[in-house]
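Numbering (this note's numbering), first residue to last: 1 to 909.
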């Protein structure tokens, strides 16, 4: 055999070498092995690859590894590759947000979940697994179930039609293009493409790609044929050149041309390798074709020159641009709205191009207003999923379009817009009559406000991005204020109530520092802010004006209810306790709020919380405790205030309910501080509960004012080692123990200190005033607790000594003791000349208290025995008819629907 057979056995024959091969000749005169540059390699060098192709290729390689691991039941490898797949998908998140979730990614998620479920249900197979695979199976099964929650709709669509191939989708797209191309052919020319074709996500490159793939398959078949020929020997030219050298080696023609066993084995091995390479190439092309069908902007082109997207051709040459033609083109663009395969970004681009064409031809502002209405609606439709929020560039574009639309409406008051105008009755061209355009600017602004809330809900509140988005609230409020001025001139009563509510919802939770400074008499600082500040309307006056209009004119209960709750919240936020309390009592909202929808109930809970905090700031401890009792006793304050979902309640909801709940959450900048709320409640409960516990220490029927406060006390008592308090709750518990002993100074140090100031008290607008109120309340309640606890020790005690002990003035001490005597809480009398409290010693001793408790319990036991005996005798325990003619078993009396109980004991004796 020639040396070319030994060195180049794995290479292709010269018959299959193209003209681009390179043969190098070294100095020594011996030819080296030829370097072949195949057509595939040349194409690879000329291919322009986008970031999308690189990211998707990385995903497909990982998916291929996962599928190989699934075939050999290597769950540990599946887990490792799945984690790498998640990281790679995270890197491609920006591309996926733009292009959509690729179909091959959804397929592997669905197949992997089904595969793991089969392994999990196969009990025998699980027993045969090794320890690592079994552990990886449980871990990966939990991860894939949790991960697939975000792709439920995609997986469901895939499972409904899993056999639908990309060729079918391409065929559908070609059919749909063919049906629409007939109407657009006459408008297309060499300058551009038609609008309908421009709206399609799949362009003409798809056909070229399919032709390219067919060509590649044909080339592969030719290569396979040439490979099979290679397996039997070299080409004709090779045999001719080497025939002279081989004459001495072969004794006969048969021995020369017949293959040896080694050559047969080598040929079979080479055929298997070729078949495997061909299979890999086909699978890779299939994945690439699938990626292209998902809808991408990048294409593989030869020569390194990217394709330039052609400018859409709106109208054919020579077409007269008038109102009818533009409206027809507008309706044609809008017909593709919402259809599958429509490029929404291209639709917005076409509408903007149509606006510029209308302005260039001077078709009037009415037509411009109509097109801008549709542009804003298309911007809202850019995200088909309601749960997703608008991208920043789309959001900024939406704000700009709405501001431009309002500018046009203010500049041209002769334009009349309304959602009740029928398209046939629109007047877009005749300037002699008032312009009439179908559309509702209020609905667009309300949708914009909802999108802003959605953006704030889906942004990390602790990031700079949240602050940047929050800066847009100024523009949002400005748009709402301008719309309010527009509707005050041309809007209906119902529209005014709706826009007033939007204005109220952006005002009620904000503290008006300017009004606060003016109320404090800081005139110099107000003048330093400028004259504009004085001319601007106060937030209290604005809320009063807007809410009163809604109270008088609104016909829907929901808008009026929301306005009342916002008005109460704003009063409470600015420490106007009596106005807020009176408005809450007069509205009677607490009677039927349980029938309202969840967002209104969340607003009601927020209002009650703010009302309780306001009462606390004003020193009304009992009112504060009553307002906060329902929220805090439930243990679900975070959920009831719309500030997050509890982990334990997530198991009770399915994913759809969880998404709905998340959409109801209040943005972070509107949150009420939960630690401040709990601290206010616990301190109020301490000031009420400790004196009550001291006064009823031996009372068997003593009730708990606050169960949560008692729970915190029990938690503190169960601690085996009590150290210095660290958390807010521990500070309140330590302060309660000090107050129980009558030590008000220690109690004050635990409640008001540097740590508590930073966590709670400095968050109030008037922190010094709140701290001063706390000191006074702690002194007064400690005095009451001291008298309840140690009154049995004293025969008499001087009020001056009590005033010195608790650092209170004498009239305050006199007032507190007088109230206790009048309410029969303290059995004593006042000696005015000597300013002394004389104890009467009417309180029972500890032994007497125990005897009283025993007597009371025995009395209850006797009464219960009599009731059970009467019930067994059946003297009056028959069936009784209620007001609705129903029957039920009696238990010693008739339970009336009116709410009271009529005993019938003596009637049958």
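Cβ atoms here follow ideal geometry from the backbone N, Cα and C, with glycine treated the same way.
Where residue i falls: helix, strand or coil (DSSP)
| i | result |
| --- | --- |
| residue 315 | coil |
| residue 597 | coil |
| residue 543 | helix |
| residue 361 | coil |
| residue 427 | strand |
| residue 645 | coil |
| residue 50 | coil |
| residue 516 | helix |
| residue 667 | coil |
| residue 675 | helix |
| residue 511 | coil |
| residue 159 | helix |
| residue 73 | coil |
| residue 251 | In this predicted model, residue 251 has a pLDDT of only 41, less than 50, meaning its place in the structure is not dependable enough to derive any value. |
| residue 40 | Any reading at residue 40 needs caution, since the residue's pLDDT is 44, under 50, leaving its predicted position unreliable; the model's value is listed next. Here residue 40 sits in helix by DSSP. |
| residue 462 | coil |
| residue 449 | helix |
| residue 820 | helix |
| residue 691 | helix |
| residue 382 | coil |
| residue 373 | helix |
| residue 618 | coil |
Residues near residue i in its chain [Cβ-Cβ closer than 6 Å; skip 5 each side]
| i | result |
| --- | --- |
| residue 665 | 457, 642 |
| residue 483 | 445, 499 |
| residue 587 | 564 |
| residue 421 | 436, 438 |
Residue closest to residue i, alpha-carbon to alpha-carbon, out of the options
| i | options | result |
| --- | --- | --- |
| residue 432 | 497, 364, 741 | 364 |
| residue 537 | 156, 594, 749, 518 | 518 |
| residue 834 | 819, 864, 822, 800 | 800 |
| residue 675 | 728, 494, 493 | 728 |
| residue 113 | 137, 129, 125 | 137 |
| residue 355 | 60, 797, 369, 55 | 369 |
| residue 447 | 499, 468, 413 | 499 |
| residue 490 | 58, 412, 541 | 412 |
| residue 671 | 603, 689, 704, 730 | 603 |
| residue 385 | 616, 373, 481, 152 | 152 |
| residue 515 | 506, 539, 723, 495 | 539 |
| residue 914 | 697, 677, 812 | Given a span of 1 to 909 for the chain in the structure shown, any question on residue 914 remains unanswerable. |
| residue 775 | 855, 851, 684, 822 | 684 |
| residue 391 | 750, 469, 92, 321 | 469 |
| residue 474 | 633, 821, 635, 506 | 506 |
| residue 803 | 463, 816, 755, 793 | 816 |
| residue 501 | 805, 561, 465 | 561 |
| residue 828 | 78, 858, 788, 420 | 788 |
| residue 481 | 403, 550, 494 | 403 |
| residue 840 | 797, 769, 725 | 797 |
| residue 465 | 855, 668, 341 | 668 |
Beta-ladder partner(s) of residue i, from DSSP
| i | result |
| --- | --- |
| residue 418 | 438 |
| residue 865 | Paired residue(s): none; residue 865 is not in a bridge. |
| residue 828 | 839 |
| residue 797 | 837 |
Proximal residues to residue i (C-beta, below 7 Å), its chain only, five neighbours per side dropped
| i | result |
| --- | --- |
| residue 504 | 543, 546, 547, 563, 566 |
| residue 773 | 619 |
| residue 598 | 664 |
| residue 94 | none |
| residue 575 | 614, 617, 618 |
| residue 837 | 796, 797, 799, 817, 828, 830 |
Beta-carbon contacts of residue i that lie in its chain and below 8 Å, excluding the five residues immediately before and after
| i | result |
| --- | --- |
| residue 63 | 85, 104, 105, 108 |
| residue 314 | 195, 329, 350, 353, 354, 357 |
| residue 74 | 133 |
| residue 751 | 683, 731, 732, 735, 774, 778 |
Chain B within 8 Å of residue i, Cβ atoms only
| i | result |
| --- | --- |
| residue 429 | Going by chain labels, chain B is absent from the structure shown, which holds only one protein chain. |
Inset, instruction - Any chance you could list the beta strand (DSSP E) runs of at least 3 consecutive residues sitting entirely within the segment 385-414, in chain order? - result: none
Legend entry - Whole alpha helix (DSSP H) elements within the segment 703-779, 4-residue minimum: 707-717, 728-740, 744-751, 754-759
Inset, instruction - Entirely within the segment 56-122 and at least 4 residues each: give me those alpha helix (DSSP H) ranges in chain order. - result: 75-91, 93-99, 103-121
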